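In this note's numbering, the protein residues as written are 10 to 148.
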């Protein structure tokens with residue numbers, strides 16, 4: 010399934026789902042597209058409170074209207090964006106597991122395994138940190 014699993018993304022408006030499917034379809038390498046699709050679907054399956062929203066021309070994961078994370082694909086890697094509180098808390102683990110970090114995200118090269126336990130832990134952390142946040146971005 011190269012598309013968003015709409016049975017999972019139940020809270021996503023259908024027009025957003027169409028935009029997200031088009032965004033996925035634009036990832037040029039089939040295997041990379043499949044990885045991003047699988048990661049989005051697994052994220053939504055395991056964190057049913059998260060909603061995919063379309064903002065700044067990309068899909069973003071939100072919880073009660075607050076940003077949690079976003080995934081993006083470049084030629085060389087999958088980029089995973091989180092806010093500073095979560096990135097900073099996991100920087101050592103990101104580096105220890107062989108991945109790279111930049112200011113607002115960290116990268117998984119296409120030839121590296123997608124570290125689901127690390128991603129899952131980071132999602133859990135971000136959800137907890139932002140549970141009382143009333144704005145999209147952390148203040």
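We put the CB at the ideal spot given by N, CA and C, even for glycine.
The structure presented is a predicted model; accordingly, all values stated were derived computationally and were not measured.
(Q) Checking the sheet assignment: what are the DSSP bridge partners for residue 125? (A) Note: residue 125 sits in no beta bridge, so no partner.
Q.
Using a Cβ-Cβ distance cut-off of 9 Å, determine whether residue 114 contacts chain D.
A. In summary, chain D is missing from the structure at hand, where a single protein chain is found.
Q | Own chain residues within Cβ distance below 8 Å of residue 67, not counting five before or after | A | 32, 79, 81
Q) Counting pairs of beta carbons, one from the region 110–117 and one from the region 83–97, are three or more of them closer than 8 Å? A) yes
Q.
If the criterion is Cβ atoms closer than 9 Å, does the pair residue 70 and residue 28 meet it?
A. no
(Q) Run through the DSSP bridge pairs and tell me what residue 109 is partnered with. (A) 116
Q: Give the DSSP-derived three-state secondary structure of residue 38 in the structure shown.
A: coil
Q.
Classify residue 120: buried if its beta carbon has 16 or more other beta carbons within 10 angstroms, exposed otherwise.
A. exposed
Q. Whose CA, out of 112, 39, 101, 60, lies closest to the CA of residue 127?
A. 101
Q.
Can you find the residues in the same chain that come closer than 7 Å, C-beta to C-beta, to residue 129, ignoring five residues on each side of it along the sequence?
A. 55
Q: Can you say whether residue 136 is buried or exposed, counting buried as having 16 or more other CB atoms within 10 angstroms of its CB?
A: buried
Q. Residue 148: buried (16+ other C-beta within 10 angstroms of its C-beta) or exposed?
A. exposed
Q: Mind checking who residue 62 pairs with in its DSSP beta bridge?
A: DSSP links residue 62 through a beta bridge to 69.
Q. Do you know whose CA, among 58, 74, 38, 40, lies nearest residue 142's CA?
A. 74
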